[in-house]
Amino acid sequence: MARPFTPKVVTANELISGDVIYLAVDGSWVRELCMALVLSTQEDADARLFEAETQPHIAVGAYLADVKAGATGPEPTHFREAFRAKGPSNRVHGKQERTEEVPAHV
Amino acid sequence: MYDYADFDDHFVRTRTAQFRKQVERRISGALTEDEFKPLRLMNGVYLQLHAYMLRVAIPYGSVNPDQMRQLAYLADKFDKGYGHFTTRQNIQYNWPTLSDIPDMLDALADVQMHAIQTSGNTIRNVTADHFAGAAADEIEDPRPTAELIRQWSTDHPEFQFLPRKFKLAVTGSPEDRAVTKAHDVGIRIVKRDGEVGYQIIVGGGLGRTPVVGQVLNEFLPRADLLPYLEAIVAVYNVLGRRDNKYKARIKITTMENGIEKIRELVDAKFAQTRPLFSGVDQEHFARIQASFPQPEFKSADTGAYDAAYATDPGFRSFADTNLDVHRDDQHAIVTISIKAHGETPGDATSEQMRVMADLAESIGYSDLRISHEQNVILPHVHKSDLPKLYATLRAHGLATANAGLISDIIACPGMDYCALATARAIPVAQNIATRFDELKLEHDIGPIKLKISGCINACGHHHLGHIGILGLDRAGVENYQITLGGDGGADTVIGKRTGPGFAYDQIVPAIERILLAYLDLRDTAEETFLEAYRRLGDAPFKAALYPEGAAGGKSHAA
Ligand code: HEM
Ligand code: SF4
Chain X
-8 MARPFTPKVV
2 TANELISGDV
12 IYLAVDGSWV
22 RELCMALVLS
32 TQEDADARLF
42 EAETQPHIAV
52 GAYLADVKAG
62 ATGPEPTHFR
72 EAFRAKGPSN
82 RVHGKQERTE
92 EVPAHV
Chain F
275 MYDYADFDDH
285 FVRTRTAQFR
295 KQVERRISGA
305 LTEDEFKPLR
315 LMNGVYLQLH
325 AYMLRVAIPY
335 GSVNPDQMRQ
345 LAYLADKFDK
355 GYGHFTTRQN
365 IQYNWPTLSD
375 IPDMLDALAD
385 VQMHAIQTSG
395 NTIRNVTADH
405 FAGAAADEIE
415 DPRPTAELIR
425 QWSTDHPEFQ
435 FLPRKFKLAV
445 TGSPEDRAVT
455 KAHDVGIRIV
465 KRDGEVGYQI
475 IVGGGLGRTP
485 VVGQVLNEFL
495 PRADLLPYLE
505 AIVAVYNVLG
515 RRDNKYKARI
525 KITTMENGIE
535 KIRELVDAKF
545 AQTRPLFSGV
555 DQEHFARIQA
565 SFPQPEFKSA
575 DTGAYDAAYA
585 TDPGFRSFAD
595 TNLDVHRDDQ
605 HAIVTISIKA
615 HGETPGDATS
625 EQMRVMADLA
635 ESIGYSDLRI
645 SHEQNVILPH
655 VHKSDLPKLY
665 ATLRAHGLAT
675 ANAGLISDII
685 ACPGMDYCAL
695 ATARAIPVAQ
705 NIATRFDELK
715 LEHDIGPIKL
725 KISGCINACG
735 HHHLGHIGIL
745 GLDRAGVENY
755 QITLGGDGGA
765 DTVIGKRTGP
775 GFAYDQIVPA
785 IERILLAYLD
795 LRDTAEETFL
805 EAYRRLGDAP
815 FKAALYPEGA
825 AGGKSHAA
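Just so you know, the protein sequences line up as chains X and F, in that order. Heads up: the first sequence is residues -8 to 97, going by the working numbering. Heads up: the second sequence is residues 275 to 832, going by the working numbering.
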């Protein structure tokens, strides 16, 4: 039997700022993991990754990252993705310092 | 210090203008990321975990006060008010946007700085002893040689697409502070029968396969330096493997072919390159050397120093720990620690940069150095000025008396910034420093080098730490391997792994066990950790590290 598919999100870095971004359900890009589109089959995941790769003017280095379901949306399964979703642990910089002025949508 | 000629200025500005256009074309979509990436890497621009990173070269670690102030300006204007000094005498900015980077490069060019060849498969920023021109044991100032190499290697048409990155380091002192044996090519200034020449070491490197460099040439006459280096890099360019990037560095080429074969090929190539150098390079070298005059050291009463040393315990501790012997006995070499306990090793705020620049200007002969140990050095300070210096440093969180001690840790950016990381390095350094500060054991433990890398690439030199820590990803969890007995000094030793690694929350207690064992085991308070390790071997330290498994080992549960 095939192994169960681990849900995924499409993630990349934004071209201008380098900030971590995720593909949302409407095909736009968002900055918060909890707003990302969760893909639950390999076919879907491949199709959405392909879609992301056709947007090099927004997204650099798109790839699929594993997630699990959480209370407020997808959560990372690996600590690398947790740092990407939050920011560095030695300083309150990156997403964790985000103020209201920065729109969640890219 | 070397002052850009019109040629240098024109070259740097042309390159910056080209890069500005390349960025514009990337943003407009005219260049794909695959096309753009090698171009940005040629100009020091990386894409890390959370943002772009700009790596600025500080050739042979030397900066003047105006340059340091400009680095501070960049930190304020384009970053988050700080910069990160690295083990390769660079400064990295962690948060620039792609569209701002051309302006940053212009601002750097205004003070004769650049980011060229700080990444990519080229000859990288040439590093040197950070005590150059000040050390008492120096045969000759290595900076003119390093500057000559910088000029020769910058945009060298034959060496823009080497099999892999290529790093050179130069030292002018027998006590090697430039880690020359862990570089692709290490250059040691030596003297034979009164003549100054170079010992050439090849094939050193760290990374996943740490190798200590071997002597390729015991004594190279000065005038042969560039043709000889050209021969080495040309041989490597052809012979170095391009099929596997993990086997592409010259250390592997040297291991696979043997040093004899490399020497034979280099000698044959040298026979061709030598006649091409007419001697113009030596005339130019003489001009470079003239631009590094020894400052006119002042002579004055040093009573103020003696008085402060006798009465102020804080100053005494700073003087005992952060000063080194200068060639002029009224002067001292000052290490300004960029590693206050609990702070990120190597991070300096813009305000701290300005304070250091002002101090260098007022009492430091306008000379500052960045050390590969991620500290800032004032190479020449008259002893009478030290109490004032100390007071100013203290007011800005820069007077930590820990140079060469357990909290003077080298740590790479690790998983907090680096896209290649397998674990964090910075918070491990912060936690170790904080813990030993609490224990108040730092000065008792004495000289020790602790170095941490966040992955096998070894940017934090962990193989060369008396205690090395390597952060790995074990089944999705951070895990830290310990090595003992490494040494980056003149002899260069790769540390030995102790055994199974430790979880993130167990690594500080593990280091504590090793050091408590050392305090028990040392012969006298003068015997350093490394000396004790060499005398006893790793068994007693392993016993302390793995108490349950080690029969008869003394346990110091933390
Ligand atoms: C974007 C961040 C960085 C990346 C992607 C990176 C990448 C690498 C890689 C891939 C290697 C292994 C090369 C090989 O074995 O062929 C390496 C080695 C090294 N890097 Fe970094 N590095 C980064 C940051 C740093 C920093 C911050 C420092 C200084 C603190 C540094 C200094 C070194 C040193 C000293 C080595 C080992 C010497 C050698 O080249 O063998 N790197 N780096
Ligand atoms: S050692 Fe690894 S984690 Fe650390 S900076 Fe180098 S590549 Fe990044």
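We put the beta carbon where it would ideally sit given N, CA and C, even for glycine.
Residue i beta carbon near the ligand SF4 (any heavy atom closer than 7 Å)
i: Pro687 (chain F); result: yes
i: Gly728 (chain F); result: yes
i: His694 (chain F); result: Here residue 694 (chain F) is Leu; the residue named in the question, His, does not match the sequence. Checking the Cβ of Leu694 (chain F) against the ligand SF4 gives yes.
i: Ala732 (chain F); result: yes
i: Ala593 (chain F); result: no
i: Ala699 (chain F); result: yes
Residue i at chain X interface by Cβ criterion, 8 Å
i: Ala831 (chain F); result: Legend: pLDDT at Ala831 (chain F) = 36, less than 50; position of this residue unreliable, no value from coordinates given.
i: Gly750 (chain F); result: yes
i: Gly477 (chain F); result: no
i: Met689 (chain F); result: yes
i: Arg294 (chain F); result: no
i: Leu810 (chain F); result: no
i: Gly728 (chain F); result: no
i: Ser373 (chain F); result: yes
i: Glu307 (chain F); result: yes
i: Ile301 (chain F); result: yes
i: Lys828 (chain F); result: For Lys828 (chain F), the predicted model reports a pLDDT of 36, less than 50, meaning its position is unreliable; a value from the coordinates is still stated below. Answer no: the Cβ-Cβ gap between Lys828 (chain F) and chain X never drops below 8 Å.
i: Trp426 (chain F); result: no
i: Ala824 (chain F); result: In this prediction, Ala824 (chain F) has a pLDDT of 37, which is less than 50 and means its spatial position is unreliable; what the coordinates show is noted afterwards. Output row for Ala824 (chain F): interface = no.
Integer-rounded CB distance, given that residue j should sit under 8 Å from residue i
i: Gln473 (chain F); j: Glu449 (chain F); result: In fact, because the Cβ distance is near 14 Å, the residues do not count as touching under 8 Å.
i: Val297 (chain F); j: Leu372 (chain F); result: 6 Å
i: Gly688 (chain F); j: Ala614 (chain F); result: About 19 Å; that fails the 8 Å criterion.
i: Ile12 (chain X); j: Ala36 (chain X); result: Not confirmed; about 17 Å, so no contact.
i: Ala389 (chain F); j: Leu328 (chain F); result: 6 Å
i: Ala505 (chain F); j: Val540 (chain F); result: 5 Å
i: Gly407 (chain F); j: Arg398 (chain F); result: At roughly 22 Å, the Cβ-Cβ gap does not stay under 8 Å, so Gly407 (chain F) and Arg398 (chain F) are not in contact.
i: Met275 (chain F); j: Asn338 (chain F); result: 6 Å
i: Gly394 (chain F); j: Glu414 (chain F); result: No, Gly394 (chain F) and Glu414 (chain F) are not in contact; Cβ-Cβ is about 31 Å, not under 8 Å.
i: Leu442 (chain F); j: Met627 (chain F); result: So it is not a contact: roughly 27 Å between Cβ atoms.
i: Ala697 (chain F); j: Glu752 (chain F); result: 4 Å
i: Leu633 (chain F); j: Asn511 (chain F); result: So it is not a contact: roughly 44 Å between Cβ atoms.
CB contact check: residue i to chain F, cutoff 8 Å
i: Val21 (chain X); result: no
i: Gly85 (chain X); result: yes
i: Leu24 (chain X); result: no
i: His96 (chain X); result: no
i: Leu28 (chain X); result: no
Exercise. Return the residues of the segment 319 to 332 of chain F that lie within a Cβ-Cβ distance of less than 8 Å from chain X, sorted by chain order.
Key: Leu321, Gln322, Leu323, His324, Ala325, Tyr326
Exercise. Note down, in chain order, all residues in the segment 337 to 354 of chain F with a beta-carbon under 7 Å from any beta-carbon belonging to chain X.
Key: Lys354
Quiz prompt | Near-chain X residues of the segment 689 to 703 of chain F - C-beta to any C-beta below 7 Å | solution = Met689, Asp690, Tyr691, Arg698, Ile700, Pro701
Exercise. Scan the segment 62 to 79 of chain X for residues whose Cβ lies nearer than 7 Å to a Cβ of chain F and list them as they occur along the chain.
Key: His69, Phe70, Arg71, Phe74, Arg75, Gly78, Pro79
Quiz prompt | Members of the segment -5 to 18 of chain X that neighbour chain F once the beta carbon cut-off is set at 8 Å | solution = Asn4, Leu6, Ile7, Ser8, Gly9, Asp10, Val11
Quiz item: Taking any Cβ of chain F, which residues in the segment 38 to 60 of chain X have a Cβ under 8 Å from it, in chain order?
Solution: Pro47, His48, Val51, Gly52
Quiz item: In chain order, what residues of the segment 749 to 778 of chain F put their CB closer than 9 Å to some CB of chain X?
Solution: Gly750, Val751, Glu752
Quiz prompt | Near-chain X residues of the segment 610 to 637 of chain F (beta-carbon distance less than 7 Å), N- to C-terminal order | solution = Thr618
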